[in-house]
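**Student:** Listed in order, the protein sequences are those of chains A and B.
For the first sequence, position 76 (counting from the first letter as 1) is numbered 643 according to my numbering, and the numbering increases by one without interruption.
For the second sequence, position 242 (counting from the first letter as 1) is numbered 809 according to my numbering, and the numbering increases by one without interruption.
Idealized CB from N, CA, C, for every residue including glycine.
There are 2 protein chains.
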Amino acid sequence: MWVLTEHLAVESLTDGCSDCAIRTHSICAALDHAEVETLGKLGRRRSLKAGEPLIWEGDESLLVANVVTGMLKLVSSTADGREQVVGMVYPTDFIGRPFGATSHHSVTAISDATVCVFSRSDFDIFASEHPALEHKLLERTLEELDRTRKWMALLSRKSAKEKVAIFLLDMAQRLPNLNTGSVREGAQPKFELPFGRPVIADVLGLSTETVCRQLTALKREGILEFPTRRSIRIAQWNMLESVTRAE
Amino acid sequence: MWVLTEHLAVESLTDGCSDCAIRTHSICAALDHAEVETLGKLGRRRSLKAGEPLIWEGDESLLVANVVTGMLKLVSSTADGREQVVGMVYPTDFIGRPFGATSHHSVTAISDATVCVFSRSDFDIFASEHPALEHKLLERTLEELDRTRKWMALLSRKSAKEKVAIFLLDMAQRLPNLNTGSVREGAQPKFELPFGRPVIADVLGLSTETVCRQLTALKREGILEFPTRRSIRIAQWNMLESVTRAE
DNA sequence: CGCCGATTTGATCGTGGTCAACAATAGTGG
DNA sequence: CCACTATTGTTGACCACGATCAAATCGGCG
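1) Give the residues from the segment 660-680 of chain B that approach chain A closer than 8 Å (Cβ to any Cβ), ordered along the chain.
2) Express the C-alpha separation of Met655/B and Phe762/A in angstroms, rounding to a whole number.
3) Could you tell me the distance, in whole angstroms, from the CA atom of Lys786/B to the CA atom of Pro794/B?
4) Taking all protein chains shown into account, do 16 or more other C-beta atoms lie within 10 angstroms of the C-beta of Ala601/B, making it buried, or fewer, making it exposed?
5) Between the Cα of Ser585/A and those of Leu639/A, Glu604/A, Ser673/A, Ala597/A, spot the shortest distance and give me the residue it belongs to.
6) Taking the continuous alpha helix (DSSP H) assigned at Ser688/A, which residues delimit it?
7) Would a check of beta-carbon distances place Lys717/B closer than 8 Å to chain A?
8) By how many angstroms is the C-alpha of Asn633/B removed from the C-alpha of Val652/A?
9) Which residue comes first and which comes last in the alpha helix (DSSP H) that contains Lys786/A?
10) Report yes or no: do the segment 672-683 of chain B and the segment 660-678 of chain A share at least 3 C-beta pairs separated by less than 8 Å?
11) According to DSSP, simplified to helix, strand and coil, what is Asn746/A?
12) Within the continuous beta strand (DSSP E) that includes Ile801/B, where are the two ends?
13) Identify each residue in the segment 720-736 of chain A for which the Cβ-Cβ distance to at least one residue of chain B is less than 9 Å, and report them in chain order.
14) Return no unless some Cβ of chain A is closer than 8 Å to the Cβ of Leu639/B.
15) With a 10 Å radius around its C-beta and 16 neighbouring C-beta atoms as the bar for buried, classify Arg687/B as buried or exposed.
16) Cβ closer than 8 Å: which chain B residues qualify as neighbours of Ala646/A?
17) Tell me where the alpha helix (DSSP H) around Phe734/B begins and ends.
18) Shortest alpha-carbon distance to Val642/A belongs to which of Ala813/B, Ser798/B, Ala784/B, Ser723/B?
19) Measuring alpha carbon to alpha carbon, tell me which of Leu721/A, Glu788/A, Arg797/A, Arg796/A ends up nearest Pro805/A.
20) Per the DSSP calculation, Leu615/B is bridged to which residue(s)?
21) Between Arg741/A, Ala768/A, Leu782/A, Lys757/A, which lies nearest to Gly637/A when the distance is taken from Cα to Cα?
22) Any idea if Ala646/A is buried or exposed, counting beta-carbon neighbours within 10 angstroms, 16 or more meaning buried?
23) Please confirm if the segment 607-614 of chain B is in contact with the segment 699-709 of chain B, defined as three or more CB-CB distances below 8 Å between the two stretches.
24) Contact criterion: CB-CB distance below 8 Å. Does Pro765/B meet it with respect to chain A?
25) Determine which residues of the segment 599-628 of chain B have a Cβ less than 7 Å from any Cβ of chain A, and write them out in chain order.
26) Leaving out five residues on either side along the sequence, give the residues of the same chain with a beta carbon under 8 Å from the beta carbon of Gly618/A.
27) Roughly how many whole angstroms lie between the Cα atoms of Asp689/B and Gly607/A?
28) Check whether chain A comes within 8 Å of Leu709/B, counting only Cβ atoms and requiring the distance to be less than that.
29) Classify Lys757/B: buried if its beta carbon has 16 or more other beta carbons within 10 angstroms, exposed otherwise.
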């Protein structure tokens, strides 16, 4: 399993937050040194293996967290059991539902991951006393809402092929820089997927088979290459981008 | 056209906010009397006719607003022109994108509506000086994010029939109480739609024809009745609820 | 080399979109 | 009040996309 920024995987919070990899990219950036230390005392590091759940849908909202390394998915299930991934969580992202009674979706690791966990009530109180933190959280929540709405339009209006293309471009831009936060400069034409086809299907609201067919179609067209199962090389970036906007 | 809480449609902000219909249900509830008056001086009332746009997708984010009466839709378009409704806005809801450069979706009235508009920069500054307001806004944004994610699961996983059923139940619970905010007690079995089939289709990510077919199907099954085009009677509430969870 | 899970390919089917015709309603002016 | 028109809603025929089920193939690992 490919671990993102693995050199920090065993770091403990008792070491303090000042050398935290995401210190300046998470919501903690809103706090000064002393405040971060105070908040740090309320939290603890937790490691998750790929597939391990952190929060269950419908449970009382007991914890919130910052993602330090790895990726997680948010899943919402309809009343009759069908599920849909409603969000992907990257390092520096904030997880959980402050100020709320229950979690409306589950949170599960899709690669090995490390998170910095707080009890929700502790966090709520701390946040209320630190408007700058709440402001940062508000900004992030607004951004997340924008992203979620865009994704929603994608899910309901894009064809399978477009979805796959968009997913790959997204991944290619996000993955190489995961350890440094949300920076997305020049794209890497080759990258390793931290998970398999079923997860892609899950995220895009497609079946595994359909994802496969689209991937092989893109390979046949010379747009993609697969050196190994988990690695993807984007041979024709521009072509892939044009697939994005209808066929 | 059916105007929600029409008695306030011409109220002017120069009358002050103290008798505003949504004074205690919007984010303004976080403010005390003096603060509300200060904020009120920054805003102005604006009436919108059904179909009239308030904010264009991609535009610089210049204004934010509270919805006083009526309903609006948020629309996100994909790069190639296809559109999807990504949110419905009810009275007391907050519109717009504070602290952000651009609007990521358009906002358009789907019934006649009244909104209380602020310049985004004015609002940003005022909000920064009033943590209680920001806190309220954060709570609302978190709720909206939860709702949006639920809706996302619905859009990608539910069948046409289920979507229509869910939409009607939602409407039936929200509509009768629109003027009093988000209260949703006992459901009214009959109500008037403030818009036509095309808008329903739009919201559910379906074609008008499909919405029609599902509605007539539900009529044939004795679950619904249509006294007029715009009014809907839910003859079998329980039946409709069970349609909601697969067929 | 042989096994197991992940991926790929193939065949079939159902849902919902599209295009086209038709019906019903709401407006409009005589 | 009644044509007449424009708009909105309804129905039908057909088709494409993607789901599903089943089978084949690949790749990693003992």
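**Tutor:** The short version:
1) Arg664, Pro665, Phe666, Gly667, His671, His672
2) Here residue 762/A corresponds to residue number 195 of the first sequence, with the count starting at 1. Here residue 655/B corresponds to residue number 88 of the second sequence, with the count starting at 1. When rounded, the distance between both Cα atoms is 35 Å.
3) Translated into positions along the second sequence, residue 786/B becomes position 219. Translated into positions along the second sequence, residue 794/B becomes position 227. The alpha-carbon atoms of Lys786/B and Pro794/B are separated by roughly 11 Å.
4) Reading the second sequence from its first residue, position 34 is the one you call residue 601/B. When all chains shown are included, Ala601/B counts as exposed.
5) Stepping through the first sequence from its first residue, residue 585/A is reached at position 18. If we check each option's Cα against that of Ser585/A, Glu604/A comes out closest.
6) Here the question's residue 688/A lines up with position 121 in the first sequence. Where Ser688/A is concerned, the enclosing alpha helix (DSSP H) stretches over 687-695.
7) By one-based count along the second sequence, residue 717/B stands at place 150. Judged by the 8 Å Cβ criterion, Lys717/B is in contact with chain A.
8) Residue 652/A sits at position 85 when you count from the first residue of the first sequence. Residue 633/B sits at position 66 when you count from the first residue of the second sequence. Between Val652/A and Asn633/B, the C-alpha separation is close to 31 Å.
9) Position 219 of the first sequence, counting from 1, holds the residue named residue 786/A. Unbroken alpha helix (DSSP H) run through Lys786/A: 775-787.
10) no
11) Numbered from 1 along the first sequence, position 179 holds the residue referred to as residue 746/A. Its pLDDT being 42, under 50, Asn746/A is placed unreliably in this model, and the value from its coordinates should be taken loosely. Three-state DSSP puts Asn746/A in a helix.
12) Here residue 801/B corresponds to residue number 234 of the second sequence, with the count starting at 1. Note, Ile801/B: beta strand (DSSP E), 798-801.
13) Ala720, Leu721, Leu722, Ser723, Arg724, Lys725, Glu729
14) Along the second sequence, read from residue 1 onward, the residue named residue 639/B stands at position 72. No, its Cβ sits nowhere closer than 8 Å to a Cβ of chain A.
15) Taking the second sequence and counting its residues from 1, the one referred to as residue 687/B is at position 120. Arg687/B is buried by the Cβ-count criterion.
16) As a first step, residue 646/A is located in the first sequence; it is residue number 79 there, counting from the start. Per Cβ cutoff of 8 Å: Thr811, Arg812.
17) Locating residue 734/B in the second sequence gives position 167, where the first residue counts as 1. Unbroken alpha helix (DSSP H) run through Phe734/B: 727-741.
18) For the purposes of this step, residue 642/A is identified with residue 75 of the first sequence, where counting begins at 1. Closest by alpha carbon: Ser723/B.
19) Residue mapping note: residue 805/A aligns to position 238 of the first sequence, counting from 1. Checking the displayed sequence, the identity of residue 805/A turns out to be Asn instead of Pro. Ranking Leu721/A, Glu788/A, Arg797/A, Arg796/A by Cα distance to Asn805/A puts Glu788/A first.
20) Against the second sequence, residue 615/B aligns to sequence position 48. Ala680/B, per the DSSP bridge assignment.
21) Within the first sequence, residue 637/A is the residue found at index 70, counting from 1. Closest option to Gly637/A, Cα to Cα, is Arg741/A.
22) As a first step, residue 646/A must be located in the first sequence, where it is residue number 79. By the neighbour-count rule (16 or more Cβ atoms within 10 Å), Ala646/A is not buried but exposed.
23) no
24) Within the second sequence, the letter at position 198 stands for residue 765/B. Output row for Pro765/B: interface = no.
25) none
26) Along the first sequence, one-based indexing puts residue 618/A at 51. Here the set comprises Thr675, Ala676, Ile677.
27) One-based indexing of the second sequence puts residue 689/B at position 122. One-based indexing of the first sequence puts residue 607/A at position 40. So the alpha carbons of these two residues sit roughly 35 Å apart.
28) Your numbering for residue 709/B matches position 142 in the second sequence. Interface residue, yes.
29) By 1-based counting over the second sequence, the position of residue 757/B is 190. Lys757/B should be labelled exposed.
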